[in-house]
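**Student:** Numbering of the sequence shown is given in the numbering used here, commencing with residue 4 and proceeding in unit increments. Glycine included, every Cβ here is placed at the ideal spot set by N, Cα and C.
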Amino acid sequence: MANVESFDLDHTKVKAPYVRLAGTKQTPRGDTISKYDLRLLQPNAGAIEPAAIHTLEHLLAGYLRDHIENVIDVSPMGCRTGMYMAVIGEPDEQGILRGFEAALRDTAAHDRPIPGVSELECGNYQDHNLSAARQHAADALAGGLKVQATVLLKR
Ligand SMILES: [Zn+2]
4 MANVESFDLD
14 HTKVKAPYVR
24 LAGTKQTPRG
34 DTISKYDLRL
44 LQPNAGAIEP
54 AAIHTLEHLL
64 AGYLRDHIEN
74 VIDVSPMGCR
84 TGMYMAVIGE
94 PDEQGILRGF
104 EAALRDTAAH
114 DRPIPGVSEL
124 ECGNYQDHNL
134 SAARQHAADA
144 LAGGLKVQAT
154 VLLKR
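#1: Excluding five sequence neighbours on each side, which residues of the same chain lie with their C-beta closer than 8 Å to the C-beta of Thr110?
#2: Inspect the beta-carbon positions of Ala106 and His70 and report whether they are closer than 8 Å.
#3: Taking the DSSP output, what are the residues bridged to Gly26?
#4: Look up Ala89 in the DSSP assignment and give the residues it is bridged to.
#5: Based on the DSSP output, what are the partners of Leu156 in its beta bridges?
#6: Assuming Leu41 and Phe103 form a contact by the criterion Cβ under 8 Å, report the distance between their Cβ atoms to the nearest whole angstrom.
#7: Could you check the C-alpha separation between Asn127 and Ala19 for me, to the nearest Å?
#8: State whether the segment 108-122 contacts the segment 84-96, with contact taken as three or more CB pairs (one from each stretch) at a distance under 8 Å.
#9: What first and last residue would you give for the alpha helix (DSSP H) that runs through Gln138?
#10: Taking its Cβ as the centre, do 16 or more other Cβ atoms sit within 10 Å of Ile75, making it buried, or is it exposed?
#11: Could you check how far apart the C-beta atoms of Leu144 and Arg108 are, in whole angstroms? I think they sit under 8 Å.
#12: By DSSP, does Tyr66 sit in helix, in strand, or in coil?
#13: Just curious, the alpha helix (DSSP H) that Leu100 is in, first and last residue?
#14: Around the C-beta of Gln159, are 16 or more other C-beta atoms found within 10 angstroms, so that it is buried, or is it exposed?
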C-alpha cells in the first residue's frame, strides 16, 4: 500500500489548534501543490460531532477562499479533529495561519443561513449544526492558533 504522509505524523507530539504544512507535490508541469493540516482539536482528546464538522466544511470552504488565494480543496478529516486544505503554490505558513484565523473569525460570527444547504446542493443537507460549528471556531481562536512543525514517528 502507498505511504500516506499523515500516518507518519506523531499525533502525540502536536499541540492543537494549529496550522501545519503536511506536504508538497510537484505536478508534471512543474507547479507545486501544498497541503495543510488545519487542526482544531487535540488529536485523541475528543472529536467534532459530525453535524458540526459538516457545517464547518460548508463555511470554511467559502471563508478560507476569501482569505487565502488559490485554494483547491478544503475537506474534513475522518478523525473529525480538523480539516485538510490543498493550495496551489507554496504560500508561507504564517500567511496560511492569518488566513485560517480570519476564516475562523468569519465562521464564529456567521449568523446567516449555512451556504449550500439544500437537497440539491448537499449530500446530507439535514445533518448540520451551525451553533456548534460557530462554537468550535470560537474555541480554536481562543486556544491560540500557531504554526506546528511536523514531528515524524520514529519507526
Ligand atoms: Zn454538505
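**Tutor:** Let me lay it out:
#1: Leu59, Leu62, Leu63, Tyr66, Ala136, Arg137, Ala140
#2: yes
#3: Lys38
#4: Lys38, Asp76
#5: Note: Leu156 sits in no beta bridge, so no partner.
#6: 6 Å
#7: 28 Å
#8: no
#9: 133-145
#10: exposed
#11: 7 Å
#12: helix
#13: 96-111
#14: Absent from the model: residue 159. The displayed extent of the chain is 4 to 158, so no value can be given.
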